[in-house]
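Numbering (the UniProt record's numbering), first residue to last: 1 to 460.
In structure tokens:
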């Protein structure tokens, strides 16, 4: 590989992860983004040169330019690099280089990727495999040194399906957690999603570990005609790794993981049926690829406390519990709320949901509206536009989603400031506040929590 890399969009979680792995390997790294943030400041502290904004001269002394999917090819760095014959790579190109160099465990799926990747990484790390890994949780992962790290062992990566990035990987083992229609700006139909996951599965040269509980995964498996073996996990009776004997025990969930020959016992701190599935996938994959003893893996997962923005406990003030989760598509929302109901029982569950992109809100309107069964009150914030514009999607807004959520329990909450005020006026002691979304809506819960903390301090 070259010696000097410049990364466009370095302030994003995925691109900053690449920067960390390059720095770990001793390469010189620079990068640019529109704004500095905690990720760019951390990279600067490690020696990366960070620029704010774009300029052609940023690439005058580099060997390779790496661009994110969010960066247009007309940016001055890209134009200058091509004029000078400097290699311009996408994230998938870097991934491929690493997956060709190391036996790779790739975790794919439209939901469940981050937690499953974190679980598999924790197992291999604790057992001394020294993995290189990317767990793009947007924050720390308890039990791991960092969310991205180079190591001498296998490469574990969350294999993002956005922009078909995961097709750059050549895994030894792949986990496919779920195949739903998402990223509607990239995939025009559910069939297109399944076709792309099928292509990904056909690139696996060892074993595919698939969810027996997910109909989309099952359809992909039925179409996979390669000789690559599939091992299925989940609750369904036909699963090769079957989850059984589930018992809620306070803050723990106890369960049995059964193979055709052996039964293993485990318990998790993180709640919800979906986390039992994530754990089963991680155990099956590390066993298939690295001969990890399942009971050892399950004992390690007893210590797993989740990842940033994945059912992340934010604190409790005045009898009000605050939790944040990245869930932003229907399956993720429903699974997260099911886990919240299992953990908190009959306590009133107030959800602030920030819809993510107009295209997703439009295409997945009905399944999103049906995902809030376990919520008592739903505050729907303004749509987080990301790379889109409201003018291109007339009538697609929070009010539309509110009208479709059954039970007369949803309210259009407005922008971040308005939603913060509304939530502050709504909460009562005993409530659980859960902020959901992939944008900046978590600031609503954070602001209300800080307000209540300040109030409590003044009262003392």
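Glycine included, every Cβ here is placed at the ideal spot set by N, Cα and C. Note that this is a predicted model, so its numbers are computed, not measured.
Residues in its own chain within less than 6 Å of residue 447 by CB, not counting five upstream and five downstream?
-> Taking the chain shown and counting its residues from 1, one reaches residue 447 at position 447. Excluding sequence positions up to five before and after residue 447, its CB lies within less than 6 Å of the CB of 420, all in the same chain and listed in chain order.
Closest by C-alpha distance to residue 259, when choosing among 288, 316 and 248 = Here the question's residue 259 lines up with position 259 in the chain shown. When only C-alpha atoms are compared, the closest one is 288.
Tell me, please, which residues DSSP counts as bridged to residue 436.
-> What you label residue 436 is simply residue 436 of the chain shown in a count that begins at 1. Looking at the DSSP output, residue 436 shares a beta bridge with 325 and 353.
For residue 300, the nearest candidate out of 118, 246, 198 and 200 (CA to CA) | Position 300 of the chain shown, counted from the start, is the residue given in the question as residue 300. Between residue 300 and the set 118, 246, 198 and 200, the nearest pair of CA atoms involves 118.
For residue 444 versus residue 410, is the C-beta distance shorter than 9 Å?
-> Within the chain shown, numbered from 1, the residue matching residue 444 stands at position 444. Within the chain shown, numbered from 1, the residue matching residue 410 stands at position 410. Cβ atoms of residue 444 and residue 410: not closer than 9 Å.
Who pairs with residue 104 in a beta bridge, going by DSSP?
-> Against the chain shown, residue 104 aligns to sequence position 104. Partner residues in the beta bridge of residue 104, as assigned by DSSP, are 155.
Tell whether a beta-carbon distance below 9 Å holds between residue 404 and residue 368.
-> Indexing the chain shown from 1 puts residue 404 at position 404. Indexing the chain shown from 1 puts residue 368 at position 368. Going by C-beta atoms, residue 404 is nearer than 9 Å to residue 368.
Burial state of residue 292 (16 or more Cβ within 10 Å) = On the chain shown, residue 292 is found 292 positions in, with the first residue counted as 1. Buried, since its Cβ has 16 or more Cβ neighbours within 10 Å.
Does the segment 425 to 444 touch the segment 318 to 333, meaning 3 or more C-beta pairs lie closer than 8 Å?
-> In short, these stretches touch, since the Cβ pair count reaches three.
If you pair each beta-carbon of the segment 360 to 375 with each one of the segment 328 to 343, do three or more pairs fall below 8 Å?
-> Counting Cβ pairs under 8 Å, three or more are found: they touch.
If residue 198 and residue 243 are in contact, beta carbons under 8 Å, what's the gap, nearest whole angstrom?
-> As a working note, residue 198 is residue 198 in the chain shown. As a working note, residue 243 is residue 243 in the chain shown. About 25 Å separates the two Cβ atoms, so there is no contact after all.
Contact between the segment 121 to 135 and the segment 178 to 196 (3+ Cβ pairs under 8 Å) = The segment 121 to 135, when compared against the segment 178 to 196, does not touch it at the 8 Å Cβ threshold.
Can at least three beta-carbon pairs, one atom from the segment 143 to 158 and one from the segment 101 to 110, be found at a separation below 8 Å?
-> The segment 143 to 158 and the segment 101 to 110 touch, with no fewer than 3 CB-CB distances between them shorter than 8 Å.
Nearest-angstrom Cα separation, counted from residue 380 out to residue 20 = Along the chain shown, one-based indexing puts residue 20 at 20. Along the chain shown, one-based indexing puts residue 380 at 380. So the alpha carbons of these two residues sit roughly 36 Å apart.
Any idea which residues DSSP pairs residue 377 with across the strands?
-> Against the chain shown, residue 377 aligns to sequence position 377. Note: residue 377 is bridge-paired with 350 in the DSSP secondary-structure output.
Return the residue from the list 279, 231 and 239 that minimises the CA-CA distance to residue 254.
-> Indexing the chain shown from 1 puts residue 254 at position 254. Considering only 279, 231 and 239, the residue with the shortest C-alpha distance to residue 254 is 279.
Straight-line Cα distance separating residue 217 from residue 76 | Locating residue 76 in the chain shown gives position 76, counting from the first residue. Locating residue 217 in the chain shown gives position 217, counting from the first residue. Straight-line Cα distance between these residues: approximately 41 Å.
Grab me the residues of residue 400's own chain with a C-beta within less than 8 Å of its C-beta, minus the 5 sequence neighbours each way, in chain order.
-> In the chain shown, residue 400 corresponds to position 400, counting from 1. Same-chain partners within the cutoff: 361 and 365.
Are residue 407 and residue 354 close, meaning C-beta to C-beta below 9 Å?
-> Within the chain shown, numbered from 1, the residue matching residue 407 stands at position 407. Within the chain shown, numbered from 1, the residue matching residue 354 stands at position 354. Against a cut-off of 9 Å, the Cβ pair of residue 354 and residue 407 comes out as no contact.
With DSSP run on the structure shown, which of helix, strand or coil describes residue 199?
-> If you number the chain shown from 1, residue 199 lands on position 199. Here residue 199 carries a helix assignment [DSSP, helix/strand/coil].
Using a Cβ-Cβ cut-off of 9 Å, state whether residue 42 counts as contacting chain D.
-> Absent here is chain D; the protein component of the structure consists of one chain.
Could you have a look at residue 113 and say whether DSSP puts it in helix, strand or coil?
-> Numbered from 1 along the chain shown, position 113 holds the residue referred to as residue 113. Residue 113: helix per DSSP, three-state reduction.
Residue 122 and residue 344 closer than 9 Å at C-beta | Within the chain shown, residue 122 is the residue found at index 122, counting from 1. Within the chain shown, residue 344 is the residue found at index 344, counting from 1. Going by C-beta atoms, residue 122 is not nearer than 9 Å to residue 344.
Whole-angstrom distance between residue 274 and residue 26, CA atom to CA atom = Translated into the one-based positions of the chain shown, residue 26 becomes position 26. Translated into the one-based positions of the chain shown, residue 274 becomes position 274. Computed Cα separation, rounded: 38 Å.
Report back the beta-carbon spacing between residue 6 and residue 59 to the nearest angstrom; my notes put them in contact at under 8 Å.
-> For the purposes of this step, residue 6 is taken as the residue at position 6 of the chain shown. For the purposes of this step, residue 59 is taken as the residue at position 59 of the chain shown. Right, the Cβ-Cβ distance comes to about 5 Å (below 8 Å), so this counts as a contact.
How far does the alpha helix (DSSP H) with residue 22 in it reach, from first residue to last?
-> By one-based count along the chain shown, residue 22 stands at place 22. Start and end: 13 to 24.
Out of 232, 284, 249 and 261, state which residue places its alpha-carbon closest to the alpha-carbon of residue 267.
-> The count along the chain shown starts at 1 and reaches residue 267 at position 267. Of 232, 284, 249 and 261, the residue nearest in Cα terms is 249.
Residue 166 to residue 174, Cα distance in whole Å?
-> Along the chain shown, one-based indexing puts residue 166 at 166. Along the chain shown, one-based indexing puts residue 174 at 174. Taking the straight line joining both Cα atoms gives about 11 Å.
Please confirm whether residue 383 and residue 434 have their CB atoms less than 9 Å apart.
-> Residue numbering aside, residue 383 sits at position 383 when the chain shown is read from its first letter. Residue numbering aside, residue 434 sits at position 434 when the chain shown is read from its first letter. No, these two residues do not count as a Cβ contact at 9 Å.
Residue range of the unbroken alpha helix (DSSP H) whose run includes residue 345 | Position 345 of the chain shown, counting from 1, holds the residue named residue 345. Here residue 345 belongs to no alpha helix (DSSP H), and DSSP marks it neither H nor E.
Taking all protein chains shown into account, decide if residue 74 is buried (16 or more other Cβ within 10 angstroms of its Cβ) or exposed.
-> The residue given as residue 74 occupies position 74 in the chain shown. Answer is exposed; the Cβ neighbour count stays below 16.
State the DSSP-derived secondary structure class of residue 234, mapped to helix, strand or coil.
-> The residue given as residue 234 occupies position 234 in the chain shown. Strand.
Can you tell which of 93, 99, 81 and 208 has the C-alpha that lies nearest to the C-alpha of residue 68?
-> Taking the first residue of the chain shown as position 1, residue 68 is located at position 68. When only C-alpha atoms are compared, the closest one is 93.
Return yes when at least one heavy atom of the ligand SAH lies under 8 Å from the C-beta of residue 30, else no.
-> The ligand SAH is not part of this structure, which contains no ligands at all.
Sequence-distant residues of the same chain with beta carbon closer than 6 Å to residue 487, five excluded per side | Not covered by the structure: residue 487. The range shown for the chain is 1 to 460.
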